[in-house]
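S.K.: Just passing along the structure, written as structure tokens.
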Amino acid sequence: MAIHPTAIVDAGAEIGDDVEIGPFAIVKEQVCIGARTRIGAYSMVDHYTEIGPDCVIFPYAAVGGDPQDLKFRGEKSWLKVGRKTVIREFATLHRGTALGGGLTSVGEENLLMAYCHVAHDCHTGKGVILSNNATLAGHVTLGDHVIVGGLAAVHQFVKVGDHAYIGGKSAVVKDIPPYVIASGDRATLHGLNKVGLRRREFPEETLKHLKQAYRIIFRYGLTLKEAIERVRASVELVPEVCEFIEFIKNSDRGITR
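The sequence shown runs 56 to 312 under the numbering used here.
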């Protein structure tokens with residue numbers, strides 16, 4: 056463990072093996088830092104925060120701050136960050152609120168680039184990338200391997216499915232199904248995220264079935280109920296197609312089209 060003499064680390068913080076804490080960094084009480092994590096100069100890890108092992112927090116990041124929510128009354132709430140996550144300069148991550156379940160969670164192996172914001176009660180899956188200045192409003196849920204482009208903003212309570220890609224400077228106000236590309240203000244769909252899916256070695260046969268389902272739901276002019284019934288009747292129901300239609304069927308905010 057290497058803690059710079061100018062760093063301020065509360066006696067109540069739990070610091071794992073081989074953690075590095077840089078100059079003028081602040082680690083408050085009720086914080087748990089996993090083994091081999093590095094905390095950069097001038098960064099802040101606020102109270103009620105758990106950082107997993109092998110994470111990197113770059114200088115000037117603010118992790119675990121109070122929620123920006125007028126309903127917050129100082130109740131105990133948490134931020135949990137998964138292993139091997141990288142938080143770049145000036146990123147801000149806030150704890151949850153009682154009304155939102157009391158927890159903000161960032162999954163394993165996330166990359167949160169400079170100046171991005173993860174608001175209260177958000178939840179991100181594994182392998183998520185938030186590009187520079189991307190903003191998640193409160194209660195947003197991102198599935199595994201979602202990529203959010205620079206300067207994009209995601210509205211409160213929006214859900215984004217696994218392997219979706221959101222283009223830069225987009226404004227997302229409705230749910231985005233898994234496996235698709237969305238971009239624009241307001242965001243609209245632009246087909247499957249074929250490049251991302253091929254990079255993650257999805258079989259071409261799976262992409263073919265997903266494309267069929269996508270076309271039926273978004274290009275045939277059917278109601279969602281009619282489209283889902285058509286997909287179930289005419290497309291091979293591989294797990295990815297089932298996930299695609301279940302996400303759409305269960306959306307509360309409505310689906311981006």
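Don't be surprised by glycine CBs; every beta carbon is placed ideally from N, CA and C.
For residue 289, count neighbouring Cβ atoms within 10 angstroms of its own Cβ and tell me buried if that reaches 16, exposed if not.
M.R.: Here residue 289 corresponds to residue number 234 of the sequence shown, with the count starting at 1. When all chains shown are included, residue 289 counts as exposed.
S.K.: Give every residue of the same chain whose Cβ lies closer than 7 angstroms to the Cβ of residue 220, excluding the five residues on either side of it in the sequence, and list them in chain order.
M.R.: Here the question's residue 220 lines up with position 165 in the sequence shown. 202, 236, 248, 251.
S.K.: Under the criterion of a Cβ to heavy atom distance below 7 angstroms, does residue 82 qualify as lining the ligand FAD?
M.R.: Absence of the ligand FAD is noted for the structure shown, with no ligands found whatsoever.
S.K.: Are three or more beta carbon pairs between the segment 267-279 and the segment 171-179 nearer than 8 angstroms?
M.R.: They do not touch, by the three-pair rule.
S.K.: Can you tell me where the alpha helix (DSSP H) with residue 301 in it begins and where it stops?
M.R.: Here the question's residue 301 lines up with position 246 in the sequence shown. Segment 294-304, the alpha helix (DSSP H) holding residue 301.
S.K.: Just to check my reading of the structure: residue 113 and residue 138 have Cβ atoms closer than 8 angstroms, yes? What is that Cβ distance to the nearest angstrom?
M.R.: Within the sequence shown, numbered from 1, the residue matching residue 113 stands at position 58. Within the sequence shown, numbered from 1, the residue matching residue 138 stands at position 83. The pair is not a contact, with the Cβ atoms about 17 angstroms apart (cut-off 8 angstroms).
S.K.: Who are the near neighbours of residue 65 in its chain, counting only those whose CB is closer than 6 angstroms to its CB and skipping five residues on each side?
M.R.: Sequence index remark: in the sequence shown, residue 65 carries index 10 (1-based). Once the five neighbours on either side are set aside, the close Cβ partners of residue 65 are 83, 84.
S.K.: What residue ranges within the segment 118-144 form continuous beta strand (DSSP E) runs of no fewer than 3 residues, ordered along the chain?
M.R.: DSSP runs (the beta strand (DSSP E)) wholly in the segment 118-144: 133-136.
S.K.: Leaving aside the five residues before and after residue 304 along the sequence, list all residues of the same chain whose C-beta is less than 8 angstroms from its C-beta, in chain order.
M.R.: To locate residue 304, count along the sequence shown from 1; it is residue 249. 279, 283, listed in sequence order.
S.K.: What does the alpha-carbon distance come out to for the pair residue 115 and residue 306?
M.R.: Taking the first residue of the sequence shown as position 1, residue 115 is located at position 60. Taking the first residue of the sequence shown as position 1, residue 306 is located at position 251. Each residue's Cα considered, the two are about 37 angstroms apart.
S.K.: Are the beta-carbon atoms of residue 204 and residue 186 separated by less than 8 angstroms?
M.R.: For the purposes of this step, residue 204 is taken as residue 149 along the sequence shown, with counting starting at 1. For the purposes of this step, residue 186 is taken as residue 131 along the sequence shown, with counting starting at 1. Against a cut-off of 8 angstroms, the Cβ pair of residue 186 and residue 204 comes out as a contact.
S.K.: Please classify residue 78 as buried or exposed, where buried requires at least 16 neighbouring CB atoms within 10 angstroms.
M.R.: Position 23 of the sequence shown, counted from the start, is the residue given in the question as residue 78. Exposed: under 16 other Cβ atoms inside 10 Å.
S.K.: From residue 159 to residue 76, what distance separates their C-alpha atoms?
M.R.: The residue labelled residue 159 in the question sits at position 104 within the sequence shown. The residue labelled residue 76 in the question sits at position 21 within the sequence shown. Going by the C-alpha atoms only, they are around 23 angstroms apart.
S.K.: Name the residue from 273, 291, 285 whose alpha carbon lies nearest to the alpha carbon of residue 231.
M.R.: Here the question's residue 231 lines up with position 176 in the sequence shown. Residue 231 has its Cα closest to that of 273, out of 273, 291, 285.
S.K.: For the segment 173-220, list the beta strand (DSSP E) runs that are entirely contained and at least 3 residues long, ordered along the chain.
M.R.: Here no run is fully enclosed.
S.K.: Consult DSSP for residue 277 and reduce its assignment to one of helix, strand or coil.
M.R.: As a working mapping, residue 277 is identified with position 222 in the sequence shown. Coil.
S.K.: Once DSSP output is grouped into helix, strand and coil, what is the label at residue 289?
M.R.: Here the question's residue 289 lines up with position 234 in the sequence shown. Note: residue 289 maps to helix in three-state DSSP.
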